[in-house]
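Residues 1 to 108, numbered by the working numbering, are exactly what the sequence shown covers, in order.
We treat Cβ as the ideally placed atom computed from N, Cα and C, and that holds for glycine.
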Amino acid sequence: MAAAITFEQVVFGKLKHLSFQDPQKLTDGLSLIWPEKHKWTVMAADMGLSEADARTTLSLIASRRNAIVHESDLDPITLIKTPLDAQTSDNVVSYIERLGHAICNRII
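Okay, here's the thing in structure tokens:
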């Protein structure tokens with residue numbers, strides 16, 4: 001038991017500073033625990049999406065997240081905040097949940 005806990009702490013310590021927001025980085029991270037060669041094809045199918053749509057959606061979510069966190073979500077030309085409504089937030093949460101379920105259903 002102690003060895004398993006120590007191993008988990010080492011893995012957590014190594015991975016906690018990595019970001020898995022980019023589709024390719026998510027693929028790279030999943031490669032550590034899932035031997036599937038066509039991860040995005042499988043995950044997208046489980047989500048009822050094309051691979052391109054699934055990847056693009058994650059990329060757009062990450063880009064918007066980065067704009068909010070690093071640029072105060074301001075348009076660089078007008079310096080006006082980009083609108084964010086409840087429906088957009090709900091869509092993002094739904095997508096991330098669906099992606100998480102698609103991953104968990106394949107690796108657990």
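Rounded to whole angstroms, the Cβ separation of GLU51 and ALA44 is 5 Å, and the two are in contact under 8 Å. Straight through space, the alpha carbons of ARG98 and MET47 are spaced by roughly 6 Å. Beta-bridge partners assigned by DSSP to LEU60: none are found. Annotated three-state conformation of LEU74 is strand, per DSSP.
By the Cβ criterion, the segment 16–27 is in contact with the segment 52–60, since at least three pairs of Cβ atoms, one from each stretch, lie closer than 8 Å.
A distance of 8 Å or more separates the beta carbons of TRP40 and ARG106. Judged by DSSP in its simplified three-state form, LYS81 adopts strand. The three-state secondary structure of SER50, taken from DSSP, is coil. When C-alpha distances from ALA54 are compared across THR6, GLN9, PRO76, THR27, the shortest belongs to THR27.
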